[in-house]
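J.: FYI, in my numbering the residues of the sequence shown are 114 to 313. Don't be surprised by glycine CBs; every beta carbon is placed ideally from N, CA and C.
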Amino acid sequence: MIVGCLALNSSFEPLTMVPLKRALRLVIDGKAEIVEADRDRTVHSEHIAMPRPAVIRLRKFVHVPRRFRRQVTNTFLFARDSYRCQYCGRWTWELRHRESLTRDHVVPISRGGLNVWTNVVTACSGCNTRKANHLLSECGMQLLHPPVEPHFVHLSWAVRRLTPTQSHYIKLFYGGDVVRQLEAIERKNGGLLPPEAQAI
Ligand SMILES: [Zn+2]
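Next up, the structure:
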């Protein structure tokens, strides 16, 4: 059953899930077009009957501020790195008592590094302390994965509610890896994402 409708920007960038009612309103008002619909199910709204939309696309491009959707937060940072220290490779549940996951700046702020996605990684408190304000080349530590900007975090809360048709559009825009990564995060959390993620 389709719970919500995936809304795409006019550029086909997946934006968010919207409730069916809101999706219909956007279509009726001419603000969005139906890209995919469940042809077997008809919805009636006022005097119009139409196939139930699964994916809609906004007619006008909506500018989503970069800082809004890509702000670095520990919630999304840890999720991006699969709750794993990017130096010693330990998962959050392997940490010892009093250890915790922290945000590490690969190039330390004190050395001119910025608080941006491509310069932050998840590190256990032990590794973070050990690295201190060194550059990787100075302390001989290595990253498991180079940090990347997660274009998809705002969608992570919705992934379990996506139908195959809807996931198809996320794959089209971001690639299959992103969908698999989201599904892995969901599985790891038992489907329970932090409240911050659900609020988006
Ligand atoms: Zn570590």
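1. Between the region 183-200 and the region 222-241, can you find at least three pairs of beta-carbon atoms closer than 8 angstroms?
2. Just to check my reading of the structure: residue 119 and residue 285 have Cβ atoms closer than 8 angstroms, yes? What is that Cβ distance to the nearest angstrom?
3. Cβ of residue 132 within 9 angstroms of Cβ of residue 193?
4. When you measure from the CB of residue 211 to every non-hydrogen atom of ligand 1, does any distance come out below 8 angstroms?
5. At a cut-off of 8 angstroms, would you count residue 202 as near ligand 1, judging by its Cβ distance to the nearest heavy atom?
6. Check each candidate in 145, 239, 240, 251 and name the one with the smallest Cα separation from residue 125.
7. For ligand 1, any of its heavy atoms closer than 8 angstroms to the Cβ of residue 236?
8. What residue range does the alpha helix (DSSP H) around residue 239 cover?
9. Shorter than 8 angstroms, the distance from the beta carbon of residue 345 to the closest heavy atom of ligand 1, or not?
10. Quick one: does the C-beta of residue 289 sit closer than 8 angstroms to a heavy atom of ligand 1?
11. For residue 256 versus residue 219, is the C-beta spacing smaller than 9 angstroms?
12. Look at the alpha carbon of residue 117 and the alpha carbon of residue 248, and state the distance between them as a whole number of angstroms.
13. Once DSSP output is grouped into helix, strand and coil, what is the label at residue 164?
T.: Taking the coordinates as given:
1. yes
2. Mapped onto the sequence shown, residue 119 falls at position 6. Mapped onto the sequence shown, residue 285 falls at position 172. That pair is no contact at about 11 angstroms.
3. As a working mapping, residue 132 is identified with position 19 in the sequence shown. As a working mapping, residue 193 is identified with position 80 in the sequence shown. No, Cβ-Cβ distance for residue 132 and residue 193 is not below 9 angstroms.
4. The residue labelled residue 211 in the question sits at position 98 within the sequence shown. False, no ligand heavy atom lies under 8 angstroms from that Cβ.
5. The sequence position of residue 202 within the sequence shown is 89, counting from 1. Yes, the Cβ of residue 202 comes within 8 angstroms of a heavy atom of ligand 1.
6. Here the question's residue 125 lines up with position 12 in the sequence shown. Selected option, being the one with the closest Cα: 145.
7. Within the sequence shown, residue 236 is the residue found at index 123, counting from 1. With a threshold of 8 angstroms, the Cβ atom of residue 236 counts as near ligand 1, since some heavy atom of the ligand is closer than that.
8. The residue given as residue 239 occupies position 126 in the sequence shown. Per DSSP, residue 239 belongs to the alpha helix (DSSP H) from 238-244.
9. Outside the displayed span of the chain (114 to 313) sits residue 345, for which this structure offers no information.
10. Here the question's residue 289 lines up with position 176 in the sequence shown. Checking the Cβ of residue 289 against ligand 1 gives no.
11. If you number the sequence shown from 1, residue 256 lands on position 143. If you number the sequence shown from 1, residue 219 lands on position 106. Yes, the pair counts as a contact, with Cβ atoms nearer than the cut-off.
12. Taking the sequence shown and counting its residues from 1, the one referred to as residue 117 is at position 4. Taking the sequence shown and counting its residues from 1, the one referred to as residue 248 is at position 135. About 46 angstroms.
13. Sequence index remark: in the sequence shown, residue 164 carries index 51 (1-based). Strand.
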